[in-house]
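Novice: Counting in the working numbering, the sequence shown runs from 7 upward without gaps.
Beta carbons are placed, not taken as given, at the ideal position from N, Cα and C, and that holds for glycine.
Owing to the predicted nature of the structure, the values given are computational and were not obtained by experimental measurement.
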Amino acid sequence: MNEIEKIRLIIGILEEKMPEDCAEILDEKFKILLKEIKNKGIDKVIRDYYSDDGGVEIIQN
7 MNEIEKIRLI IGILEEKMPE DCAEILDEKF KILLKEIKNK GIDKVIRDYY SDDGGVEIIQ
67 N
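(1) Can you tell me whether ASP27 is helix, strand or coil according to DSSP?
(2) Below 8 angstroms CB to CB, which residues in the same chain sit around LEU15 once its five sequence neighbours on both sides are set aside?
(3) Take ILE48 and list the residues in its own chain whose beta-carbon comes closer than 6 angstroms to its own, dropping the five residues that flank it on each side.
(4) When you compare the CB positions of LYS41 and LEU20, do they come within less than 8 angstroms of one another, or not?
(5) Within the same chain, show all residues whose beta-carbon is closer than 8 angstroms to that of LEU32, passing over the 5 residues directly before and after it, in chain order.
Pasting the structure below:
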């Protein structure tokens, strides 16, 4: 998965986490997500997200 695909995935995760028409909430969630990426790295954030869904495994080439 290249960096662009990872960013698109992160945007999808962010959109799922917030209600429609909530710009302030989007900004807050985005900042939280950026902190998570900074602290854990993008791959760990993606793995953590999918591990909450259960049964999904990320396979890297």
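Specialist: From the atom records:
(1) coil
(2) MET7 and ILE52
(3) LYS12
(4) no
(5) LEU20 and MET24
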